[in-house]
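Worksheet: the structure to be examined is printed underneath.
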Amino acid sequence: MALWSGRFTQGVDAFTQEFGASLEADKHMYAHDIAGSRAHARMLAAQGVISAEDAVAIDRGLSAVERRMDDGSFAFDANDEDIHMAVEATLTADIGAAGARLHTGRSRNDQVALDLRLYAKELLASLMEGNIALRRVLLAKAKEHFGAVMPGYTHLQHAQPVLFSHHMLAYFWMFARDFTRLSAAHAAADANPLGAAALAGTTYPLDRAMTTELLGLDHAIPNSLDAVSDRDYLLDLEYACSVSMMHLSRLCEEIILWSSSEFSFVTLSDAFSTGSSIMPQKKNPDFAELTRGKTGRVVGDLVGLLVTMKSLPLAYNKDLQECKEGAIDAAKTLHDCMLCTGGMIETMALNEGAMRASAQQGFTAATDVADYLAKKGMPFREAHAVVGRLVLMCEQQGIGLEDLTLDQLKSASDLFEEDIAGALDIDAIVAARTTYGGTGHAAVRVQLDEAASALAADEASLA
């Protein structure tokens, strides 16, 4: 019989009971539920709402329940709707009347809100650690291959040569922003709803500051209606996960391209590849593809919660039960994809020769040739047109800009001299990008130092 069955004359239909249960998702939060109950009982005793003896019995009983859940020996009952009822029913069966006093001044509404906040903090802390580990791999790869040149792309067309390190660091900074979002979501979850009860607070003299301190939370939520109905912190979690998955998907898309025969920029480790059941030669980037594919699922988790929340009146509604599985799924998926992507990047081998050869194709020096003319006094728009005509000439002849003779160049403009060679050399082109944030060697060295400092600061914030 349910703990709330007093005003009912018959039990819930077996199917609808199963339909309305959330126990499977709740099992992830048993430790958080017990921590909240332990803090609530200590506070009740301190306020004289229950006796010290009852508080001791509750604390010991909760420890016994937790041990059984830890080792898997806890026997869940078919009537347990959720983790709260499972813990309370077992506690009361174990210790008697003291267990029945635990719920004094508390509702499942503020109880589940607390459990979710504590669990969200745990998930987010783990995700921040995973984010740091991934960025550590990206930074190490950028340092390992400092100086390697590759083509930079716009519209997936050759644009200008860049350092591979610069390309890796672009992703480093994306994931650094993700860390900031994860940290902000962690801060949003760091609040105490206990004491809000069902929606209006309670007549018992509860000390919300005490439970806030016992649970290591930042502050008590100032409005009881908001305390039980707020799930913004889960939206923040799922948004942070969605953006980070989008960044992972972009990175994995490039790895998929780079590992193809058409690019041959990287070779993936066998540990992060699979074969074909029919084609013996195949080495497929399945795990990069899975990460790309799972991104839609995590974005779906976010959209699902947004749609669930969009029309809910205050305060608690059963719809809120649907918020748990999406948050758990989004966090687990991001965690696993970061781990997989980090391993894939750490173990992949670069073909620096293929990258360099590709960087010399596709007229990647064209902008620098236009800049060469502009620096000699030609208006840039005119220089742009001159070089465009030279590119067309090269395409018609099947050659590159570097293959043009000085006489051919002078036929386009008398400003061309012997020193044009510097504007056609990819190493010189890369090195010339010395502005802060550019791809030049000096600028990238500065960026590597800043990335290392940012990583160290984020690591320190978790200590």
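Heads up: the sequence shown begins at 0 in numbering that gives the first Met the number 0, then just goes up one per residue. Ideal Cβ placement from N, Cα and C applies to all residues, glycine included. All values derive from a computational prediction rather than experimental measurement.
Can you give the Cα-Cα distance for ILE254 and GLY299, rounded to whole angstroms? 24 Å
What residue does the beta strand (DSSP E) around ALA158 start on, and which one ends it? 156 to 162 is the extent of the beta strand (DSSP E) around ALA158.
Under DSSP, the beta strand (DSSP E) around VAL148 begins and ends at which residues? Here the beta strand (DSSP E) through VAL148 covers 148 to 153.
Are the segment 274 to 286 and the segment 345 to 354 in contact at 8 Å, needing three or more beta carbon pairs? no
Where does LEU216 sit, in a helix, a strand or coil, going by DSSP? In the structure shown, LEU216 adopts coil according to DSSP, grouped into three states.
State the CB to CB distance for the pair ILE49 and THR91, rounded to an integer number of angstroms; the pair is presumed to be in contact (CB under 8 Å). Not a contact, Cβ separation roughly 14 Å.
Between which two residues does the alpha helix (DSSP H) holding ALA199 run? Run containing ALA199: none; DSSP gives neither H nor E here.
Cβ contact (3+ pairs, closer than 8 Å) linking the segment 54 to 67 and the segment 95 to 114: yes
Here's the rule I'm using: 16 or more other beta-carbon atoms within 10 Å means buried, otherwise exposed. How should HIS154 be labelled? exposed
At 3 residues or longer, and completely inside the segment 237 to 280: list those beta strand (DSSP E) runs for me, N to C. Counting whole runs of 3 or more residues, the segment 237 to 280 contains no beta strand (DSSP E) stretch at all.
Could you give the distance in angstroms between the alpha-carbon of ASN108 and the alpha-carbon of ASP81? 12 Å
In or out: PRO312 buried (at least 16 other Cβ within 10 Å) or exposed? exposed
So, do the segment 259 to 271 and the segment 192 to 209 have three or more beta carbon pairs nearer to each other than 8 Å? no
Does the count of Cβ pairs from the segment 351 to 362 and the segment 137 to 157 closer than 8 Å reach three? yes
Have a look at ASP424 and HIS246 and give me their C-alpha separation to the nearest angstrom. Approximately 32 Å between the Cα atoms of the pair.
Pull up the CB-CB distance for THR438 and VAL161, whole angstroms please, since I reckon it's below 8 Å. 4 Å
Could you check the C-alpha separation between VAL390 and ALA365 for me, to the nearest Å? 8 Å
The alpha helix (DSSP H) spanning ALA462 covers which residue range? Where ALA462 is concerned, there is no enclosing alpha helix (DSSP H), given that its DSSP letter is neither H nor E.
Ignore the nearest five residues each way along the sequence and tell me which others in ASP418's own chain have a CB closer than 6 Å to its CB. Counting only Cβ-Cβ distances below 6 Å, and skipping sequence neighbours, we find nothing.
Applying the criterion that 16 or more other CB atoms from any shown protein chain within 10 Å of the CB defines a buried residue, is GLY215 buried or exposed? Looking at its Cβ environment, which holds fewer than 16 other Cβ atoms inside 10 Å, GLY215 is exposed.
Close Cβ partners of SER268 (< 6 Å) along its chain, the five nearest in sequence each way excluded: When the five nearest sequence neighbours on each side are left out, the beta carbons in the same chain lying within less than 6 Å of the beta carbon of SER268 are those of THR346, in order along the chain.
Measuring alpha carbon to alpha carbon, tell me which of ALA369, ASP328, LEU133, ASP32 ends up nearest LEU234. Ranking ALA369, ASP328, LEU133, ASP32 by Cα distance to LEU234 puts ASP328 first.
By DSSP, does ALA190 sit in helix, in strand, or in coil? Note: ALA190 maps to strand in three-state DSSP.
Give the DSSP-derived three-state secondary structure of LEU304 in the structure shown. helix
Kindly indicate the opening and closing residues of the alpha helix (DSSP H) around PHE7. Run containing PHE7: none; DSSP gives neither H nor E here.
Do LEU301 and GLU394 count as a contact pair if the criterion is CB distance below 9 Å? In this structure, LEU301 does not lie closer than 9 Å to GLU394 by Cβ.
How many Å lie between HIS165 and ALA141 at the Cα? 7 Å
I need the boundaries of the alpha helix (DSSP H) containing SER72, first residue and last residue. Neither: SER72 is in no alpha helix (DSSP H) and is coded neither H nor E.
Between SER36 and LEU101, which are expected to be in contact by the criterion C-beta below 8 Å, what is the C-beta distance as a whole number of angstroms? About 6 Å separates the two Cβ atoms, so the contact holds.
Taking THR433 as part of the alpha helix (DSSP H), name the residues at either end of that continuous run. From DSSP, THR433 is part of no alpha helix (DSSP H); its letter is neither H nor E.
Based on the DSSP secondary-structure assignment, which residues constitute the bridge partners of ASN283? Residue pairing by DSSP places ASN283 opposite THR273 in a beta bridge.
CB contact flag (ARG41, LEU213, <9 Å): yes
Report yes or no: do the segment 110 to 124 and the segment 169 to 177 share at least 3 C-beta pairs separated by less than 8 Å? no
Report buried or exposed for VAL86, applying the criterion of at least 16 other Cβ atoms within 10 angstroms of its Cβ. buried
Starting from ARG230, trace the alpha helix (DSSP H) both ways and give me its first and last residue. Careful: ARG230 lies outside any alpha helix (DSSP H) and carries neither H nor E.
Span of the alpha helix (DSSP H) around GLY399: Looking at the DSSP string, GLY399 is not in any alpha helix (DSSP H), and its letter there is neither H nor E.
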